Amino acid sequence: MELTSAPLHKGQVSWRGLLLTALLLTFWNFATTAELTVEAVPTHAGEGDNVLFLALNMPQSQKFFNWFRGDRLNMSNSIVRLITHRSKIERGPLYSNRETIHTDGSLLFENVTKKDAGVYLLVVTTEDFDEKRATLQLYVQDPVTPPSIQVTNTTVKDLMSISLTCLSNDVGISIHWLFNSQRLRITNKMMLSANNSTLQIDPARSEDSGDYQCEVTKGFVNKRSDRITLNIIDPVTPPFIQVTNTTVKDMTSVFLTCLSNDTGISIHWLFKGQSVELTDRVRLSQNNSTLQIDSVRSEDSGDYQCKVSNQISSKRSDPIQLDIKRVEPVDFGPPKPKEHRPSSRGIIGIVAQCLMGLIAVIFVLVFLWRRRRSREPQIENNVKQMDNEPTNLNEPTNLNESPKEASKVKPHNKEKKTGKK
């Protein structure tokens, strides 16, 4: 007989929760009394529930734990026995396969029925064979099925009216409402029907968003419905578009940004009342808040709008008129050759070269002039010498010619005469 970790039936108390409750009760009872006692958790169970028979104020040393049906020690009424020093479990005649005994003497009773209602006895035998006894009364009532909540819509618009109805097949029950696992505090905008089965909130506000449950109680047994989460949403407000300039030149880029004060919204772009078609030139940011158009063209001119939406409403911005101006190319003819403008260093170099050339010319002129001046006295002397010498026709006319060269010159008259003959 071992504890199982399998999930229990819906609406039943888990053994872990019962064990935690048992530990808390053990601590509380230990401070008040030292007498062995046993309690049923819960005290009043419905059919199908799990119940923990909790042993409190256990003696310091235990040798045997014995559970019996009824208030008398009768082996024919034995359910289960635990021999602690040997960790051995012995099943009695009334063991039903639904009982699990723990090392602290507590007994978990699963899926109880009305036939299980009655008195139970725990006998603890110590090491010195002293016996301690304690009894408890188990109450089992008619089963109560978990209710359910019916609601038209779990996501509603702010300031609207909403109704929640608790549905149950059981009769003779009372109904209570819970909000976020706490008992619902009824305000002046909440109304309950005569039997509390219907909860109406009018008007519903964002602070009414949360988890709602209804709980049905019959006698000492209660069951809760599954949680229903209401989401009260405010309507969105109209957005607006931010753009640097509505008149732009073609082939440039344009950025349009949709601005909104609302959260939890989706953004959609419209061009001339239709959804914007995304291309390699038309792109959206990650959250669709910015529309980027690259290399705009004349066909991109027109009205742009952005639309924001949430689960209950949507709003459009005012249209923005985008005007794309085409820029015509200007023909300036063939390109002119680029004039070369010398730098300051080049100018200085040119001037230096000119000066050097001028100096060279001046030097040559001075050299020629001085050479000429040096020749003039010699020429004058030669002229004077020629003037003083007698003229001789047979002598060479050129002073520079030698007599031998002059002899080679023949008289012209002789040549003429010879020619006539």
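Following the numbering used here, the numbering of the sequence shown begins with 797 at its first residue and continues without gaps.
All C-beta atoms, glycine included, are put in the ideal place defined by N, C-alpha and C.
Remember, predicted model here, so these are calculated numbers, not experimental data.
{"Item": "Start-end ranges of the beta strand (DSSP E) lying completely within the segment 835 to 878, minimum 3 residues", "Value": "840 to 842, 847 to 852, 860 to 865"}
{"Item": "Same chain only: Cβ atoms within 8 Å of alanine 827, ignoring 5 sequence neighbours per side", "Value": "Residue confidence for alanine 827 is low, a pLDDT of 40 falling below 50, so the modelled location carries little weight and cannot support an answer."}
{"Item": "DSSP three-state assignment for methionine 1152, whether helix, strand or coil", "Value": "helix"}
{"Item": "Residues of its chain near glycine 1015, where Cβ-Cβ distance is below 6 Å and the 5 sequence neighbours each way are ignored", "Value": "Gln937"}
{"Item": "Separation of threonine 1013 from isoleucine 879, as counted between CA atoms", "Value": "40 Å"}
{"Item": "Buried or exposed (CB count within 10 angstroms, at least 16 for buried), arginine 1141", "Value": "exposed"}
{"Item": "Proximal residues to isoleucine 945 (C-beta, below 8 Å), its chain only, five neighbours per side dropped", "Value": "Leu960, Thr961, Cys962, Leu963, Tyr1008, Gln1009, Cys1010, Ser1021, Asp1022, Ile1024"}
{"Item": "Identified DSSP bridge partners for tryptophan 1065", "Value": "Cys1102"}
{"Item": "Host beta strand (DSSP E) of asparagine 1027 (start-end)", "Value": "1024 to 1029"}
{"Item": "Anticipated Cβ contact below 8 Å, threonine 941 with asparagine 965, distance rounded", "Value": "6 Å"}
{"Item": "Contact under 8 Å by Cβ, proline 855 with lysine 928", "Value": "yes"}
{"Item": "Touch test, the segment 867 to 875 against the segment 963 to 982, Cβ-Cβ under 8 Å, three pairs minimum", "Value": "no"}
{"Item": "Pairwise C-alpha distance: valine 1092 and arginine 1079", "Value": "12 Å"}
{"Item": "Per-residue burial, glycine 1145 [other beta carbons within 10 Å of its own, 16 or more giving buried]", "Value": "exposed"}
{"Item": "Boundaries of the beta strand (DSSP E) in which alanine 930 is found, first to last residue", "Value": "927 to 937"}
{"Item": "Touching by the beta-carbon criterion (3+ pairs, under 8 Å), the segment 1104 to 1117 and the segment 1062 to 1080", "Value": "yes"}
{"Item": "C-alpha distance - threonine 1033 paired with isoleucine 958, whole-angstrom precision", "Value": "23 Å"}
{"Item": "Three-state secondary structure assigned by DSSP to phenylalanine 826", "Value": "The predicted model places phenylalanine 826 with a pLDDT of 43, which falls under 50 and marks its position as unreliable; any figure quoted below should be read in that light. Looking at phenylalanine 826 - three-state DSSP - the assignment turns out to be helix."}
{"Item": "Backbone CA spacing between methionine 956 and asparagine 976 [nearest angstrom]", "Value": "21 Å"}
{"Item": "Cα-Cα separation between valine 1044 and aspartate 1119, rounded to whole angstroms", "Value": "6 Å"}
{"Item": "Given 8 Å, three or more beta-carbon pairs between the segment 899 to 908 and the segment 845 to 854", "Value": "yes"}
{"Item": "Within 8 Å, strictly: CB atoms of arginine 981 and histidine 972", "Value": "no"}
{"Item": "Limits of the beta strand (DSSP E) - the one that aspartate 1218 falls within", "Value": "Nothing about residue 1218 can be read from this structure; the chain reaches only from 797 to 1217."}
{"Item": "Cβ pair serine 1109, proline 999 closer than 8 Å", "Value": "no"}
{"Item": "The beta strand (DSSP E) enclosing arginine 1079, as first and last residue numbers", "Value": "1078 to 1080"}
{"Item": "C-beta contact flag for phenylalanine 864 and isoleucine 897 at 8 Å", "Value": "no"}
{"Item": "Where arginine 1167 sits in the DSSP three-state scheme", "Value": "helix"}
{"Item": "Reference threonine 921; option with closest CA among Lys859, Leu974, Leu850", "Value": "Lys859"}
{"Item": "Three-state secondary structure assigned by DSSP to aspartate 924", "Value": "coil"}
{"Item": "Nearest-angstrom Cα separation, counted from glycine 1098 out to isoleucine 1028", "Value": "38 Å"}
{"Item": "Buried or exposed (CB count within 10 angstroms, at least 16 for buried), serine 874", "Value": "buried"}
{"Item": "C-alpha distance - aspartate 924 paired with isoleucine 885, whole-angstrom precision", "Value": "20 Å"}
{"Item": "Distance between serine 1062 and asparagine 1083 (C-alpha atoms, nearest Å)", "Value": "8 Å"}
{"Item": "Alpha-carbon to alpha-carbon, alanine 1156 and glutamine 1149", "Value": "10 Å"}
{"Item": "Sheet register partners of glutamate 886 (DSSP bridge)", "Value": "Arg877"}
{"Item": "Aspartate 1096 to aspartate 1058 span [Cα, whole Å]", "Value": "29 Å"}
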